[in-house]
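Novice:
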Amino acid sequence: MQRPQQLRELFSAFAPRVTSGPISHYGGLRQSAETFCEIAPASSAELADALGTAHRHGVPVRIRGQGHCLNGASLPGAGELLVRTERLADVRFEAEGTVTAGGGAVLWDVRDVVERHGFTVPVVNDGHAGPSVAGFVAAGGFGPGSSLHGGFWENVAAVTLVDGTGRLRRVDRDDALFPWLFGAMGQLGVVADATLKLVPLDSANPPPYPTGAGATRQLIATSQELKGPGLDEHERDEQLVWFTLFTPGKRLAVAQARIAALEAAHAGLLDYRRRYVYPIRQRHPVPPLVYPRDEPFFAIGSWGALRLPPGDAAGPLRACAEELTRHAVELGCRRYIQSEATWDVDAYRACFGDETYETLRRLKAQQDPALLLNRGAVFAP
Ligand SMILES: Cc1cc2nc3c(=O)[nH]c(=O)nc-3n(C[C@H](O)[C@H](O)[C@H](O)COP(=O)(O)OP(=O)(O)OC[C@H]3O[C@@H](n4cnc5c(N)ncnc54)[C@H](O)[C@@H]3O)c2cc1C
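For the sequence shown, position 326 matches number 407 in the numbering used here, and the numbering has no gaps at all.
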């Protein structure tokens, strides 16, 4: 294991920084190593170079977007290089009907940019500005627009991916790897950018596709804020946590009953809010790491502010998460495990099922043969 100062020398071409004092993720449930080395590449070429260097020297890499997932997967451990994506944040109008956004751009910011041109990206997260474009891919991604436009995966035309050896390549929709990138939590490579389908705001009068200076490339300044705008002062101080089940329509009622029973069994855990239900339309194959069948489904869940300080919450949260995993397995549903509080890798195997988990492991061996990317997040280190 290399010390942060050694990594700073090794990655001197990438403006490295040694950070002292641990960082956390949204909700503050867990912490990174006390001291670590970090870089923030500004282009896909620089990202590829950095990952190539990491591969040649066997340096484990941790990828971090906006730090909104609750399972600790974006937190660097001892001896890991943290790759922040915040400078991969440009927005480009390159091909009619699409916009290409850097993986580190905040998804809501991308939507704001394209709306100035009369278009929108129809599927973004609910709540407030937070997840990055690539963070949303890494989780799977759904939102209020999913009832009409399906999951985020239905609305991405291609991604640029850097694998664990530093190889940069375009992955189009028809590439066999494409569906596996959604929900993969960075196990198969780092998403440098994603080309998103555009929808006109006024479909009766679609605007012209943006061209010319100013429209072709814009840089979005992203922030490292863990709590985005859109929350009032009171909510900013809360530690929001959520638990989601992806369920087919025919099991909706029983899944809702299980979520209600979970809340009753863990009544002291959260200050529960009104449960959510998002229908998710399906047109194309559904990513196997998100949901096991090609059919429309619902995302239903329970959420609220933690009633315990984050330090005391781990045990009770874990018990709740494990119970939800049992319900999901019993009902043939899925948890949205990529974005939620999770404590051990067994939960991924349980949620994905043996076959899907082993396929992901095989793909990882191809994409990241030295197993350097996000160690310990989905597979045992
Ligand atoms: C308040 C709030 C509301 C939310 N609402 C929704 C919602 O409505 N719908 C929904 O689907 N999700 C929602 N989420 C979950 C969120 O979309 C996911 O947790 C998402 O992964 C967060 O993106 P991020 O940029 O913060 O990623 P991070 O938390 O930084 O990282 C998450 C994972 O993605 C990996 N990763 C990050 N960037 C890259 C990259 N460039 N390439 C490869 N891997 C990468 C990380 O290594 C890590 O494993 C919400 C989260 C919060 C906190």
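All residues carry an ideal CB built from backbone N, CA and C; glycine is no exception.
The model shown is predicted, which means the values in this text are computed figures rather than measured ones.
Would you say L277 and V202 are within 7 Å of each other, going by their C-beta atoms?
Specialist: Along the sequence shown, read from residue 1 onward, the residue named residue 277 stands at position 196. Along the sequence shown, read from residue 1 onward, the residue named residue 202 stands at position 121. Cβ atoms of L277 and V202: closer than 7 Å.
Novice: Less than 6 Å between C-beta atoms, sequence neighbours within five positions excluded: which residues of the same chain meet that for C150?
Specialist: Your numbering for residue 150 matches position 69 in the sequence shown. S420.
Novice: Find the nearest neighbour of I361 within the set S93, V205 and G184, judged by alpha-carbon distance.
Specialist: Translated into positions along the sequence shown, residue 361 becomes position 280. With distances taken between Cα atoms, I361 lies closest to V205.
Novice: Going by DSSP, what residue range makes up the beta strand (DSSP E) through Y359?
Specialist: In the sequence shown, counting from the first residue as 1, residue 359 sits at position 278. Y357 to I361 is the extent of the beta strand (DSSP E) around Y359.
Novice: Short check: CB of F379 to CB of L333, under 7 Å?
Specialist: What you label residue 379 is simply residue 298 of the sequence shown in a count that begins at 1. What you label residue 333 is simply residue 252 of the sequence shown in a count that begins at 1. Cβ distance < 7 Å, so F379 and L333 count as in contact.
Novice: So, at 6 Å on beta carbons, what are the nonlocal neighbours of A220 in its own chain, with the 5 sequence-adjacent residues on each side left out?
Specialist: If you number the sequence shown from 1, residue 220 lands on position 139. Once the five neighbours on either side are set aside, the close Cβ partners of A220 are Q419 and S420.
Novice: Contact check, V164 vs A131 under 8 Å by CB: the rounded distance?
Specialist: Counting from 1 along the sequence shown, the entry for residue 164 is found at position 83. Counting from 1 along the sequence shown, the entry for residue 131 is found at position 50. Yes, they are in contact, since the Cβ atoms of V164 and A131 sit about 7 Å apart, within 8 Å.
Novice: Flag G211 as yes when its Cβ comes closer than 6 Å to any non-hydrogen atom of ligand 1, and as no otherwise.
Specialist: Residue mapping note: residue 211 aligns to position 130 of the sequence shown, counting from 1. Yes, the Cβ of G211 comes within 6 Å of a heavy atom of ligand 1.
Novice: Tell me where the alpha helix (DSSP H) around W189 begins and ends.
Specialist: If you number the sequence shown from 1, residue 189 lands on position 108. Unbroken alpha helix (DSSP H) run through W189: L188 to E196.
Novice: Run the CB neighbour count on P462, radius 10 Å, all protein chains shown included, and call it buried at 16 or more, exposed below.
Specialist: By one-based count along the sequence shown, residue 462 stands at place 381. Exposed: under 16 other Cβ atoms inside 10 Å.
Novice: If we ignore side chains and look at the alpha-carbon of each, how far apart do S155 and V459 end up?
Specialist: As a first step, residue 155 must be located in the sequence shown, where it is residue number 74. As a first step, residue 459 must be located in the sequence shown, where it is residue number 378. In a straight line, the C-alpha of S155 is about 12 Å away from that of V459.
Novice: Could you tell me if the beta carbon of T116 falls within a distance shorter than 6 Å of some heavy atom in ligand 1?
Specialist: In the sequence shown, the residue the question calls residue 116 occupies position 35. No, since every heavy atom of ligand 1 falls outside the 6 Å radius drawn around the Cβ of T116.
Novice: Considering K445, what are the terminal residues of the alpha helix (DSSP H) in which it resides?
Specialist: Reading the sequence shown from its first residue, position 364 is the one you call residue 445. It spans D435 to Q448 - the alpha helix (DSSP H) in which K445 sits, taken as one unbroken run.
Novice: Looking at P225: is its Cβ nearer than 7 Å to the Cβ of Q147?
Specialist: Residue numbering aside, residue 225 sits at position 144 when the sequence shown is read from its first letter. Residue numbering aside, residue 147 sits at position 66 when the sequence shown is read from its first letter. In this structure, Q147 does not lie closer than 7 Å to P225 by Cβ.
Novice: Given 8 Å as the limit, is there contact between the segment 117-129 and the segment 268-287, that is, 3 or more CB pairs closer than that?
Specialist: Cβ pair count under 8 Å is three or more, so yes.
Novice: Kindly examine ligand 2 and report whether one of its heavy atoms sits closer than 6 Å to the Cβ of N206.
Specialist: Absence of ligand 2 is noted for the structure shown, with ligand 1 being the only ligands found.
Novice: Looking at S125 and ligand 1, is the gap between the Cβ and the nearest heavy atom below 6 Å?
Specialist: Here residue 125 is taken as the residue at index 44 of the sequence shown, counted from 1. S125 Cβ: outside cutoff for every heavy atom of ligand 1.
Novice: Checking 7 Å against the spacing of the C-beta atoms, do G160 and Q83 come in under that value?
Specialist: As a position in the sequence shown, residue 160 is number 79, starting the count at 1. As a position in the sequence shown, residue 83 is number 2, starting the count at 1. A contact, by the Cβ cut-off of 7 Å.
Novice: Contact check, T246 vs G133 under 8 Å by CB: the rounded distance?
Specialist: Residue 246 sits at position 165 when you count from the first residue of the sequence shown. Residue 133 sits at position 52 when you count from the first residue of the sequence shown. Right, their Cβ atoms sit about 7 Å apart.
Novice: Taking buried to mean at least 16 other C-beta atoms within 10 Å of its own C-beta, is E90 buried or exposed?
Specialist: Residue mapping note: residue 90 aligns to position 9 of the sequence shown, counting from 1. E90 is exposed by the Cβ-count criterion.
Novice: According to DSSP, I144 sits in a beta bridge with which residue or residues?
Specialist: Numbered from its first residue, the sequence shown carries residue 144 at position 63. In the DSSP output, where bridge partners are listed per residue, I144 has V164.
Novice: Let me confirm a value: L350 is counted as buried when at least 16 other C-beta atoms fall within 10 Å, else exposed. Which label applies?
Specialist: Numbered from its first residue, the sequence shown carries residue 350 at position 269. Result: buried.
Novice: Ligand 1 and S420: does the residue's C-beta get closer than 6 Å to at least one heavy atom of that ligand?
Specialist: The residue labelled residue 420 in the question sits at position 339 within the sequence shown. Yes, the Cβ of S420 comes within 6 Å of a heavy atom of ligand 1.
Novice: By the three-class DSSP mapping on this structure, what secondary structure does Q320 have?
Specialist: The residue you call residue 320 lines up with position 239 of the sequence shown. Note: Q320 maps to coil in three-state DSSP.
Novice: For K445, is the classification buried or exposed, using 16 other Cβ atoms within 10 angstroms of its Cβ as the cut-off for buried?
Specialist: Locating residue 445 in the sequence shown gives position 364, where the first residue counts as 1. So K445 counts as buried.
Novice: For H365, I'd like the list of residues in its chain whose CB is within less than 7 Å of its CB, leaving aside the five on either flank, ordered along the chain.
Specialist: Taking the first residue of the sequence shown as position 1, residue 365 is located at position 284. Here the set comprises E235.
Novice: Going by Cα to Cα distance, which pick from R443, Q320 and R415 is closest to A394?
Specialist: Residue mapping note: residue 394 aligns to position 313 of the sequence shown, counting from 1. Selected option, being the one with the closest Cα: Q320.
Novice: Can you name the start and end residues of the beta strand (DSSP E) that T276 belongs to?
Specialist: Stepping through the sequence shown from its first residue, residue 276 is reached at position 195. Where T276 is concerned, the enclosing beta strand (DSSP E) stretches over V271 to K278.
Novice: First and last residue of the alpha helix (DSSP H) that includes E127?
Specialist: Taking the first residue of the sequence shown as position 1, residue 127 is located at position 46. Start and end: S125 to H138.
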